[in-house]
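Trainee:
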Amino acid sequence: MSIRLFRLFLATLFVATIISCSRVKPPIAEKKPYEITAFGDTRIDPYFWMQERDTPAVLANLHAENAYANSVLKPTEALQEKLFNEMKGRIKEEDVTAPYFDNGYFYYTRFEKNQEYPIYCRKKGTLNTSEEILLNVNELADKYSFFNVADVSVSSNNKIIAYGVDTLSRRKYTIYFKDLVSGKLLPTKISNTTGETVWANDNNTIFYTIKDSSLRPYKVLKHKLSNLDETEDPVVFQEKDLTFSLTLDKSKTNDFIYIASISTLATEYQYLNANTPDASFKIVQPRERGLEYNVTDFDGKFYFVTNYNAKNFRLMAAPITIPSKLNWKEVIPHRADVLLEGFDVYKSFYTVQERKQGLTNIRIVDWKTNTEHVIDFGEETYTASLDYNPDFYATKVRFRYTSLTTPVSVYDYDVATQTKILLKRQEVLGADFNPENYEAKRLWAKASDGVLIPISLVYKKGIKLDGSNPSLIYAYGSYGASMDPYFSTARLSLLDRGFVYAIAHVRGGQELGRQWYEDGKLLKKKNTFTDFIACSEFLIKEGYTSPSMLFAQGGSAGGLLMGAIANMRPDLYKGIIAEVPFVDVVTTMLDESIPLTTGEFDEWGNPKIKEYYDYMKSYSPYDNVTAKDYPNMLVTSGYYDSQVQYFEPQKWVAKLRDMKTDDNLLLFKIDMEAGHGGASGRFKSLHEVALNYAFMLYLLEKTN
1 MSIRLFRLFL
11 ATLFVATIIS
21 CSRVKPPIAE
31 KKPYEITAFG
41 DTRIDPYFWM
51 QERDTPAVLA
61 NLHAENAYAN
71 SVLKPTEALQ
81 EKLFNEMKGR
91 IKEEDVTAPY
101 FDNGYFYYTR
111 FEKNQEYPIY
121 CRKKGTLNTS
131 EEILLNVNEL
141 ADKYSFFNVA
151 DVSVSSNNKI
161 IAYGVDTLSR
171 RKYTIYFKDL
181 VSGKLLPTKI
191 SNTTGETVWA
201 NDNNTIFYTI
211 KDSSLRPYKV
221 LKHKLSNLDE
231 TEDPVVFQEK
241 DLTFSLTLDK
251 SKTNDFIYIA
261 SISTLATEYQ
271 YLNANTPDAS
281 FKIVQPRERG
291 LEYNVTDFDG
301 KFYFVTNYNA
311 KNFRLMAAPI
321 TIPSKLNWKE
331 VIPHRADVLL
341 EGFDVYKSFY
351 TVQERKQGLT
361 NIRIVDWKTN
371 TEHVIDFGEE
381 TYTASLDYNP
391 DFYATKVRFR
401 YTSLTTPVSV
411 YDYDVATQTK
421 ILLKRQEVLG
431 ADFNPENYEA
441 KRLWAKASDG
451 VLIPISLVYK
461 KGIKLDGSNP
471 SLIYAYGSYG
481 ASMDPYFSTA
491 RLSLLDRGFV
501 YAIAHVRGGQ
511 ELGRQWYEDG
521 KLLKKKNTFT
531 DFIACSEFLI
541 KEGYTSPSML
551 FAQGGSAGGL
561 LMGAIANMRP
571 DLYKGIIAEV
581 PFVDVVTTML
591 DESIPLTTGE
601 FDEWGNPKIK
611 EYYDYMKSYS
621 PYDNVTAKDY
631 PNMLVTSGYY
641 DSQVQYFEPQ
651 KWVAKLRDMK
661 TDDNLLLFKI
671 DMEAGHGGAS
681 GRFKSLHEVA
691 LNYAFMLYLL
701 EKTN
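In UniProt numbering, the protein residues as written are 1 to 704.
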């Protein structure tokens, strides 16, 4: 028996002993004081030992936490199953995506009844021809508890696909190649990659990225399918700056391949003619701290969406032969009240995606005449975005539209006639769903510094504003990620039970422009937390809910938000759901061996600088747990999480359990087979949603 199997055996035996007892008690983790000193300040971490993966003690504690959570929630098992069946029953099991056209083929993905995973398909020339199955992921995933396919990429001659496979949920992909003529896998496979591949136009050369020990994409390599010997693939580029990560892309015109070096506050692109894969990449514009840009090519020019002297970004252009910023000319100017989010090119026109007052606009501009118009959406609160549009010669633009009451809808927009063509709308099966039965609003809460924070709200019509409504408020608030309002079939299970659902668009996101992001990061991070608290207080003041009926939810960096509000205002919430929470901020950011740490310095700050150390310590949820009453809490994680390591929530829960002074529930559920995104498959993940909902409904039932 291997050492790892023996450790797992001991842990399983330990848990079996616990479960055999008549009553499962909350696990009390052993304390082993560990000193961490910086700037003369010593922090004592009693649970630092939990960071040693796969040890019997760590595994035993995790299994014990699961056993305890399962025991406490056992009365909810029937409710969880009911919720799961409700949510699954609304999903059309036999479904197909709206086909898109690319290089002579219509591509689409379909799902079959009782199958968890997609089937990738295409049809040549017209949708009336016979179907060709590229990949049936259900067959590939048959023997795995977790399975994810990334970046199915087709060669220019349409004869070979490359795709990445992750079976551990650690986001480390093995690339496989399939001959679409014979239907057989090629002997080549490449491990430890991001799963990302870009084909050169010779149909033989691919570029791909690999990860270092901290899971940072740091090298671009080149592989030739004709090379059947065992020689290593040559390194095309290595990113030596630990704060930058690499991505690959191919231009829509198919003329260029791009390497992007990306950090929080800077980007640098390199380009290569896709017809000459053995040539050297050239730098577009050398990196500068604070300079962000992306690149699109068209008609002899590079186009840049950039923050160069433009906080909310602007569009600029330069000849491909002289692409540095010294030669950039303005195409769309900077506007203080409009965030330029995206730009895409077509043969006859280009599209611009913009955000104003938190809502998205899509503009169409004719190349020759420079005339333009905006697609009208006509709702108070909604989400619209450009969809995948690979066909350079298309005369229609595909976009997605949804709102809190409108299921996800895919449209083609005919540029010539300025008409929207609905291709597909998410079907809601089962109960008699009618969007007219629900009401969505956009409200504004005043933050502690007087800034107005938008809230997107939805509920079933007929509620009374008397504080009696159970409510769930959600937010993220980091990395400039905008949490736009969207429709959820699963959420109907809450709305139909009288819940009010709210999204707080707190600072740290980018809903109201770039400044909105900058006002919620680094030494202004606490704005994210106080904004969320202000939104919660607003819902209570306006009669939507009360502290005895209000729940909060957030994941990852949003889990940090949950940890912060639990420390700052535990009295506001009946319960908190913290999913894969980033809660041990200082310790993690001090350890550059932990995945993704170095690339985060421009988001959170570098704690090796005292100013940032002191500020981060002042809000880090783990460091600020104190002896006081906390709300009911459900904490979830995945053992193979590559973004937020399992031990952060594990340590946090152990410390909370040791110090809190209340009798409220504190439950920790960890999926021992999943990572940051939870379970794979379209139905398995619904079990996690059902657990969250059952947790809230159980607490409300106990109270009443």
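Glycine is no exception: its CB is placed at the ideal position from the N, C-alpha and C atoms.
1. Taking only three categories from DSSP, how would you classify residue 649?
2. Taking the beta strand (DSSP E) that residue 628 belongs to, which residues open and close that run?
3. For the stretch 132–183, list the alpha helix (DSSP H) runs that are entirely contained and at least 4 residues long, ordered along the chain.
4. Around the C-beta of residue 238, are 16 or more other C-beta atoms found within 10 angstroms, so that it is buried, or is it exposed?
5. In its own chain, which residues sit with a C-beta less than 8 Å from the C-beta of residue 22, not counting the 5 before and 5 after it?
6. Near residue 573, what residues of its chain come up, given a Cβ to Cβ distance below 6 Å and the 5 sequence neighbours on each side ignored?
7. The alpha helix (DSSP H) that contains residue 554, what's its start and end?
8. Tell whether a beta-carbon distance below 8 Å holds between residue 480 and residue 462.
9. Assuming residue 46 is part of the alpha helix (DSSP H), what are its boundary residues?
10. Between the stretch 578–590 and the stretch 643–661, do three or more beta carbon pairs fall short of 8 Å?
11. Please classify residue 516: is it buried, with 16 or more other beta-carbons within 10 angstroms of its beta-carbon, or exposed?
12. Ends of the alpha helix (DSSP H) at residue 587?
13. Are the stretch 341–351 and the stretch 297–305 touching, with three or more C-beta to C-beta distances below 8 Å?
14. If you count every other CB in all the chains shown that lies within 10 Å of the CB of residue 258, and 16 or more means buried, which is it?
15. Identify which residue in 328, 456 and 405 has its Cα closest to the Cα of residue 434.
16. Along the chain, where does the alpha helix (DSSP H) containing residue 689 start, and where does it finish?
17. Count Cβ pairs between the stretch 445–457 and the stretch 515–532 that sit closer than 8 Å; are there 3 or more?
18. With a cut-off of 8 Å, do at least 3 Cβ pairs link the stretch 284–294 to the stretch 320–331?
19. Can you name the start and end residues of the beta strand (DSSP E) that residue 328 belongs to?
20. Does residue 20 come out as helix, strand or coil in the three-state DSSP assignment?
21. Counting along the chain, where does the alpha helix (DSSP H) carrying residue 122 start and finish?
22. Can you name, in chain order, every residue of its own chain whose Cβ lies under 7 Å from the Cβ of residue 421, other than the five neighbours on each side?
23. Considering only the beta carbon of each residue, do residue 167 and residue 146 sit closer than 8 Å?
24. Quick test of your reading: residue 600 and residue 589, contact by CB under 8 Å. State the CB separation rounded to the nearest angstrom.
25. Among 523, 474 and 241, which residue has its Cα nearest to the Cα of residue 504?
26. Beta carbon of residue 210, beta carbon of residue 223: below 8 Å?
27. Does the beta-carbon distance from residue 622 to residue 652 come in below 8 Å?
28. How do the stretch 373–390 and the stretch 422–429 stand: do at least 3 beta-carbon pairs fall below 8 Å, yes or no?
29. How long is the line joining the alpha carbons of residue 19 and residue 60, rounded to whole angstroms?
30. Leaving out five residues on either side along the sequence, give the residues of the same chain with a beta carbon under 7 Å from the beta carbon of residue 335.
31. Between the Cα of residue 187 and those of 115, 162 and 469, spot the shortest distance and give me the residue it belongs to.
32. Count the C-beta pairs between the stretch 60–70 and the stretch 79–87 that are closer than 8 Å, then say yes if the count reaches three, no if not.
33. According to DSSP, simplified to helix, strand and coil, what is residue 216?
34. Keeping to the same chain, check which residues put their C-beta closer than 8 Å to that of residue 514; ignore five residues upstream and five downstream.
35. By the three-class DSSP mapping on this structure, what secondary structure does residue 429 have?
36. For the candidate residues 304, 273 and 472, whose alpha-carbon lies nearest to that of residue 267?
Mentor: Well, looking at it:
1. DSSP places residue 649 within a helical segment (H, G or I) once states are collapsed to three.
2. No beta strand (DSSP E) contains residue 628, which DSSP labels as neither H nor E.
3. List check, alpha helix (DSSP H) in window: 137–140.
4. Residue 238 is classed as exposed because its beta carbon has fewer than 16 other beta carbons within 10 Å across all chains shown.
5. Here residue 22 scores only 41 on pLDDT, less than 50, and its place in the model should not be relied on; the value that follows carries that caveat. There are no such residues.
6. Excluding positions up to five away in sequence, the list reads 550, 552 and 631.
7. Residue 554 -> not in any alpha helix (DSSP H); beta strand (DSSP E) instead, spanning 550–555.
8. No. Outside cutoff.
9. Boundaries for residue 46: no alpha helix (DSSP H) harbours it, and the DSSP string shows neither H nor E there.
10. Yes: the two stretches touch, three or more of their Cβ pairs being nearer than 8 Å.
11. Burial check for residue 516: the Cβ neighbour count within 10 Å reaches 16 or more, so the residue is buried.
12. That run of the alpha helix (DSSP H) goes 585–590.
13. Cβ pair count under 8 Å is three or more, so yes.
14. Residue 258 comes out buried.
15. Closest in alpha carbon position to residue 434, among 328, 456 and 405, is 405.
16. First-last of the alpha helix (DSSP H) with residue 689: 684–703.
17. Output reads yes: the stretch 515–532 touches the stretch 445–457.
18. For the pair of segments examined, the stretch 284–294 was found to touch the stretch 320–331: the number of CB pairs separated by less than 8 Å reaches three.
19. Element bounds for residue 328: n/a, residue is neither H nor E.
20. Model confidence at residue 20 stands at a pLDDT of 38, short of 50, so the residue's coordinates are unreliable; what they give is reported in the following sentence. In the three-state reduction of the DSSP assignment, residue 20 falls in the helix class.
21. Secondary structure note for residue 122: it is in no alpha helix (DSSP H), and the uninterrupted beta strand (DSSP E) holding it is 119–124.
22. Leaving aside the five residues that flank residue 421 on each side, the residues in its chain whose CB is nearer than 7 Å to its CB run, in chain order, 411, 412 and 414.
23. In this structure, residue 167 lies near residue 146, with their beta-carbon atoms less than 8 Å apart.
24. The distance from the Cβ of residue 600 to that of residue 589 is about 7 Å, consistent with a contact at the 8 Å cut-off.
25. Comparing Cα positions, the closest option is 474.
26. Taking a C-beta distance under 8 Å as the contact criterion, residue 210 and residue 223 do not qualify as a contact pair.
27. Contact: yes.
28. The stretch 373–390, when compared against the stretch 422–429, does not touch it at the 8 Å Cβ threshold.
29. Caution applies to residue 19, whose pLDDT of 39 falls short of 50 and renders its modelled position unreliable; the model cannot decide the point.
30. The residues are 312.
31. The shortest Cα separation from residue 187 among 115, 162 and 469 belongs to 162.
32. Output reads no: the stretch 79–87 does not touch the stretch 60–70.
33. DSSP, read as helix, strand or coil, puts residue 216 in coil.
34. 307, 311, 312, 313, 339 and 480, listed in sequence order.
35. Coil, per DSSP.
36. The candidate whose alpha carbon is nearest that of residue 267 is 304.
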